[in-house]
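Top line first, the protein sequences correspond to chains X and C.
Heads up: the first sequence begins at 831 in the numbering used here, then just goes up one per residue.
Heads up: the second sequence begins at -15 in the numbering used here, then just goes up one per residue.
From the three backbone atoms N, C-alpha and C, an ideal C-beta is built for every residue, glycine too.
Note sheet for the following structure.
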Amino acid sequence: MNTAPLKPGEVSLGTTIMAVQFNGGVVVGADSRTTTGSYIANRVTDKLTQVHDHIFCCRSGSAADTQAIADIVHYNLQLLAAQEGEEPTVQKAANLFQQLVYQNKDALSAGIIVGGYDKYNGGSVYSVPLGGSLHKQPFCIGGSGSTYIYGFCDAEYKENMTKEECVDFVKRSVALAMSRDGSSGGVIRLAIIDKNGVERIFVPGNQLPQFFEG
Amino acid sequence: MDSYRIVPKANEKSVTKSIAETSNKEYGVHDTFRYGPRRLVDEVLPPHPLQARLENWDETQNKLHMSMLRNSYGIHVPIRLQMEKAIVSQINRAPHQLHSEYNNLGLDILNGVDNTLAFEDFLGTDSIPTFK
């Protein structure tokens, strides 16, 4: 199990990432801060990476490691789509991430949340944390900022939320985490994935939901 | 075996070998039969952590690619690709080819490095002549 901190000079996605499933799709969201130590290397990062038409992954941990893994999975999903003549399911994508993270666990520092839509299962959210286990959940939070919002998410989550309620839930949760976690901040990037495609939402830093700041 | 290993493991041990690990129980000398010929370099210098990684780099990347192809298309794709490489690697000893054991255009093409220049193409070593 890789418990070592990032290697010297390595860029970290100390982060807040989140994905919530609704009937007919998923909402994925993330903050936008990438740090090398205390310097913010990128304050408008896009941590939501599209690995297929209707499948996104949220990346946390080492920026390089997660980009490398996402590239391999993207390539592999294209092979599968070509072979099978239809889009791969979210479960296949999640399993690919899981295989890569588990078999390379001594070398990687990558926590990934996979969210997407396929026609057989609707929206699904899978979590692949550091060790390389796989968890299917109705919603999932990850990254260093997620520790500050576990209570909030547990209290606020309801089953059978509509798309708009999910977007609001993700926005408020990520905003709360960003205000407390030093490694999370910047803007909020969201993506809504359903059978019609992907809609990206950008929430600039001066339009974040406001909460008690004391 | 399916392997989704992206990068080879680095050398874990950075210590020199001692004769105690490879000695024959009865006579106390290096046991050549069990462990191969004795190498003094192992007893004087520790292996560099990068050495294992660099030596196995190409093989690991190739294995990852073959695993992906096997799982997406079936066992026949990696088998065909490896068969092609084996056919092309058979030494023909064509008299017109200089150093055909180091230059294999067909293998370079199959490996996708026919248009690539790397350090081994302009830096010579003892085993690879400089006028490649």
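| Asked | Found |
| --- | --- |
| Touching by the beta-carbon criterion (3+ pairs, under 8 Å), the stretch 31 to 38 of chain C and the stretch 82 to 92 of chain C | no |
| Closer than 8 Å to chain X by CB, Tyr57 (chain C) | yes |
| Within 8 Å, strictly: CB atoms of Thr846 (chain X) and Asp1011 (chain X) | yes |
| Alpha-carbon spacing of Asp15 (chain C) relative to Arg64 (chain C), whole angstroms | 41 Å |
| Same chain only: Cβ atoms within 8 Å of Asp(-14) (chain C), ignoring 5 sequence neighbours per side | Ser51, Arg54, Asn55 |
| Where Leu29 (chain C) falls: helix, strand or coil (DSSP) | coil |
| Boundaries of the alpha helix (DSSP H) in which Met50 (chain C) is found, first to last residue | 41 to 57 |
| Cβ neighbours of Pro1034 (chain X) in the same chain (closer than 6 Å, five flanking residues each side left out) | Val1017 |
| Sheet register partners of Val931 (chain X) (DSSP bridge) | Beta-bridge pairing links Val931 (chain X) to no other residue. |
| Where the stretch 38 to 52 of chain C meets chain X: residues whose CB sits under 7 Å from a CB there | Met52 |
| Tyr947 (chain X), buried or exposed, once every other Cβ within 10 Å from all chains shown has been counted against 16 | buried |
| DSSP bridge partner residues for Leu1020 (chain X) (one or two, in chain order) | X:Gly859, X:Ile1031 |
| For Tyr956 (chain X), the three-state DSSP class (helix, strand or coil) | strand |
| Neighbourhood of Val997 (chain X) by C-beta, 6 Å cutoff - its chain only, sequence neighbours within 5 removed | Val857 |
| Supposed contact pair Met991 (chain X) and Phe852 (chain X) - C-beta distance, whole angstroms, cut 8 Å | 6 Å |
| Test: Gln913 (chain X) CB closer than 8 Å to a CB of chain C | yes |
| Per-residue contacts from Lys(-7) (chain C) into chain X (C-beta, under 9 Å) | Asp936, Ala937 |
| Three-state secondary structure assigned by DSSP to Lys1001 (chain X) | helix |
| Local Cβ density within 10 Å of Val97 (chain C), reported as buried at 16 or more and exposed below that | exposed |
| Sub-8 Å separation of Ala940 (chain X) and Gly891 (chain X) beta-carbons | yes |
| Extent of the continuous beta strand (DSSP E) run through Ala871 (chain X) | 869 to 872 |
| Burial state of Gly915 (chain X), where buried means 16 or more other Cβ atoms lie within 10 Å | exposed |
| Buried versus exposed, by CB contacts within 10 Å (16 or more), Lys949 (chain X) | exposed |
| DSSP state of Lys116 (chain C) mapped onto helix, strand, coil | In this prediction, Lys116 (chain C) scores a pLDDT of 35, lower than 50, which makes its location untrustworthy; the coordinate-derived value is nonetheless stated afterwards. Three-state result, Lys116 (chain C): coil. |
| Cut-off 8 Å between Cβ atoms - residues of its own chain near Leu907 (chain X), not counting five sequence neighbours on either side | Val881, His882, Ile885, Pro918, Lys922, Ala923, Leu926 |
| Tyr978 (chain X) versus Cys888 (chain X) - alpha carbon distance | 18 Å |
| Cutoff 8 Å: Tyr(-12) (chain C) Cβ touching any chain X Cβ | yes |
| Beta-carbon neighbours of Asn906 (chain X), restricted to chain C and to distances below 7 Å | Met52, Ser56 |
| Minimum C-alpha distance to Ile899 (chain X) - residue among X:Gly867, X:Gln913, X:Arg873, X:Tyr932 | X:Tyr932 |
| Exposure of Gly859 (chain X), with buried meaning 16 or more beta-carbon neighbours within 10 Å | buried |
| Cross-chain neighbours of Ala1007 (chain X) in chain C, by beta carbon under 8 Å | What Ala1007 (chain X) touches in chain C: nothing, since even the nearest Cβ is about 30 Å away. |
| Proximal residues of chain C, C-beta to C-beta of Ala898 (chain X) below 7 Å | Ile(-10) |
| Glu994 (chain X) versus Gly973 (chain X): straight-line alpha-carbon distance, rounded | 24 Å |
| Segment limits, beta strand (DSSP E) that includes Ile(-10) (chain C) | Here Ile(-10) (chain C) belongs to no beta strand (DSSP E), and DSSP marks it neither H nor E. |
| Per-residue contacts from Gln921 (chain X) into chain C (C-beta, under 8 Å) | By Cβ distance, chain C contributes nothing, its closest Cβ being about 14 Å from Gln921 (chain X), past 8 Å. |
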